[in-house]
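Student: Residue numbers (our numbering), protein chains in the order written: chain A, -7 to 314; chain B, 4 to 141.
Backbone N, C-alpha and C define an ideal beta-carbon position, used for all residues, glycine too.
Bear in mind that the values here come from a model prediction, so they are computed numbers and not experimental data.
Here it is, the structure in full.
Now the structure itself:
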């Protein structure tokens, strides 16, 4: 068995095992809490430890699957752990924010993330993320859970269907992007070439970020899954610039939404800190594994994991699978 | 059409502050969490009782645990659990500092549109952080 296949199998087994194990633990914990509200069957330190382990695995899977940590965190933790979805979404945003803050400086310094592309987009996405966060905290949990399930299944469809374009063919920059001077050159290390890029369909792209911002704030997912296709396929930014700018954008969009969750009390340090540390350490390990394995196989594993978590969220929201 | 091979001055300034802020915030987050779980500072909610609250909707949790909205946590910073909010708030607030730092650069370079956009972004983030925006209960 190759090293890559072994890693894929290990991550798959650990992920599914952890989900099922902690789902059972959560159920017994909830039952104990219902029977005796003054005592908990599980010692307090078990849950942060479990969160750390699970988010560590999610951090590895996120890097290898090419998705953000938040998009895995919210449906999996929300679906299989005893935490209310309000706190899960608050933690999800902070997990995505921490990841973006860690990656942002390097991407900006290398010129991969582009500030001129990010600034106009960020104004729209961060304003709308505030609205999304407020809507999310005002709606009943089952409605959010159902909508989250549908969104995750939509993300699975996007991941399966959407193609990526390394260097999209932008014949002419549109008037808005020309006026804003959204263009640049980046150095492609793999080929040693300098890639000129410009964007088109800027008004349509900016309008799309209204929806992306609302969804990011409402579900606490981060928004890389939506940012990249819009920047790359709709606006025509090169793939690497799109991925890097998207990652950097999350540090602004998620910050505005995170403040709403913090100020409305939907942040529990006991959940947030182990999750952030777990996912960041997992990402570091994931980057090392990435060099030794085939990401395609793991990408499909992550898609299966999202499909499972999305179905779980949908059925939980509809009270079919409690 | 202007071309840029290297990251611009404002981009590098932004990156430098973000890098420093992220490291300080993350360190603060880890240190305050150790203080919290080690019990050096007594938490507002005892760690053994936290599991009673995390399954509640947030509005119910705030009421049951007697926790204030918005920046009310600042008044409880002496409690182990609320001390953690210093690191969290720092991480969430670092972007505002980055934007404030690049505004003078943008105006100096006569990049008025981006200067104004940066000011708007600061206002959006400050509004979000202000605690003025409260969500309705569910």
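Bridge partners of residue 189 of chain A, per DSSP?
Tutor: Residue 189 of chain A is bridged to A:176.
Student: Spell out whether any CB of chain B is found under 8 Å from the CB atom of residue 357 of chain A.
Tutor: Lying before the first or after the last residue shown, residue 357 of chain A is absent from chain A, which here runs from -7 to 314.
Student: Mind checking residue 171 of chain A: buried by the 16 CB within 10 Å criterion, or exposed?
Tutor: Result: exposed.
Student: Can you find a C-beta in chain A that's less than 8 Å from the C-beta of residue 125 of chain B?
Tutor: Chain A contact via Cβ: absent.
Student: Taking only beta carbons into account, state which residues of the region 237 to 261 of chain A come closer than 8 Å to chain B, listed in chain order.
Tutor: Those residues of the region 237 to 261 of chain A that come within reach of chain B (Cβ to Cβ, closer than 8 Å) are 243, 244, 247, 248, 249, 250, 251, 252, 254, 255, 256, 257, 258, 259, 260, 261.
Student: Who are the Cβ neighbours of residue 219 of chain A in its own chain at under 7 Å, not counting the five residues just before and after it?
Tutor: Around residue 219 of chain A: 204, 238, 241.
Student: Starting from the N-terminal side, write out each stretch of the alpha helix (DSSP H) that is 4 residues or longer and does not extend beyond the region 219 to 276 of chain A.
Tutor: DSSP runs (the alpha helix (DSSP H)) wholly in the region 219 to 276 of chain A: 231 to 255.
Student: Counting only the same chain and skipping the five closest in sequence on each side, list residues whose C-beta sits under 6 Å from that of residue 92 of chain A.
Tutor: Within the same chain, residue 92 of chain A has close Cβ partners 239, 242, 243.
Student: Can you check whether the C-beta of residue 110 of chain B is within less than 8 Å of a C-beta belonging to chain A?
Tutor: False, the Cβ-Cβ gap to chain A never drops below 8 Å.
Student: Quick one: residues in its chain with C-beta nearer than 8 Å to the C-beta of residue 110 of chain A, no 5 flanking neighbours on either side, listed in chain order?
Tutor: The answer, listed in chain order, is 237, 240, 241, 244.
Student: What in chain B is Cβ-close to residue 163 of chain A, meaning under 7 Å?
Tutor: Going along chain B, no residue has its Cβ under 7 Å from residue 163 of chain A, so there is no contact; the nearest lies around 14 Å.
Student: Name the two residues that bound the continuous alpha helix (DSSP H) containing residue 124 of chain B.
Tutor: Taken as a continuous stretch (DSSP letters only), the alpha helix (DSSP H) holding residue 124 of chain B covers 115 to 133.
Student: Could you name the residues of chain A that residue 59 of chain B contacts, counting a contact when the two beta carbons are closer than 8 Å?
Tutor: The answer, in chain order, is 76.
Student: In whole angstroms, what separates the C-alpha of residue 158 of chain A from that of residue 98 of chain B?
Tutor: Looking at the two C-alpha atoms, the distance is approximately 29 Å.
Student: Does residue 314 of chain A get closer than 8 Å to chain B when you measure Cβ to Cβ?
Tutor: No, residue 314 of chain A does not count as interfacial toward chain B.
Student: With a threshold of 7 Å on Cβ separation, who are the neighbours of residue 231 of chain A within its own chain once the five nearest residues in sequence on each side are excluded?
Tutor: So the qualifying residues of the chain are 156, 157, 158, 224.
Student: Does the distance from the CB of residue 271 of chain A to the CB of residue 51 of chain A come in under 8 Å?
Tutor: Yes.
Student: Check whether chain B comes within 8 Å of residue 223 of chain A, counting only Cβ atoms and requiring the distance to be less than that.
Tutor: It does not: the Cβ of residue 223 of chain A has no partner Cβ on chain B nearer than 8 Å.
Student: Give the residues of chain B in contact with residue 36 of chain A, contact being defined as C-beta atoms less than 7 Å apart.
Tutor: The answer, in chain order, is 50, 51, 53, 54.
Student: Please list the residues of the region 28 to 39 of chain B that have a C-beta atom closer than 9 Å to any C-beta atom in chain A, keeping them in chain order.
Tutor: Those residues of the region 28 to 39 of chain B that come within reach of chain A (Cβ to Cβ, closer than 9 Å) are 28, 29, 32, 33, 35, 36, 39.
Student: On the three-state DSSP scale, how would you describe residue 159 of chain A?
Tutor: DSSP places residue 159 of chain A in coil when its eight states are reduced to three.
Student: Who are the Cβ neighbours of residue 76 of chain A in its own chain at under 8 Å, not counting the five residues just before and after it?
Tutor: Here the set comprises 133.
Student: Please list, in chain order, the chain B residues whose beta carbon lies closer than 9 Å to that of residue 197 of chain A.
Tutor: Chain B residues near residue 197 of chain A: none, gap ~15 Å exceeds 9 Å.
Student: For residue 124 of chain B versus residue 115 of chain A, is the C-beta spacing smaller than 8 Å?
Tutor: Yes, the Cβ-Cβ distance between residue 124 of chain B and residue 115 of chain A is below 8 Å.
Student: Should the region 55 to 67 of chain A be regarded as contacting the region 69 to 80 of chain B, the criterion being three or more beta carbon pairs within less than 8 Å?
Tutor: Flag = no, the region 55 to 67 of chain A and the region 69 to 80 of chain B do not touch.
Student: Taking 8 Å as the CB-CB cut-off, is residue 156 of chain A touching chain B?
Tutor: Taking Cβ atoms only, chain B never reaches closer than 8 Å to residue 156 of chain A, which makes this a no.
Student: Start and end of the alpha helix (DSSP H) containing residue 62 of chain B?
Tutor: Taken as a continuous stretch (DSSP letters only), the alpha helix (DSSP H) holding residue 62 of chain B covers 61 to 67.
Student: Going by C-alpha distance, which of A:248, A:252, A:79, A:140 is nearest residue 261 of chain A?
Tutor: Measuring from the Cα of residue 261 of chain A, the nearest candidate turns out to be A:79.
Student: If residue 103 of chain A sits next to residue 9 of chain B, beta carbons under 8 Å apart, how far is it from one beta carbon to the other, in whole angstroms?
Tutor: About 6 Å; that satisfies the 8 Å criterion.
Student: Residues of chain B with a CB under 8 Å from the CB of residue 97 of chain A: which are they?
Tutor: 18, 19, 21, 22, 25, listed in chain order.
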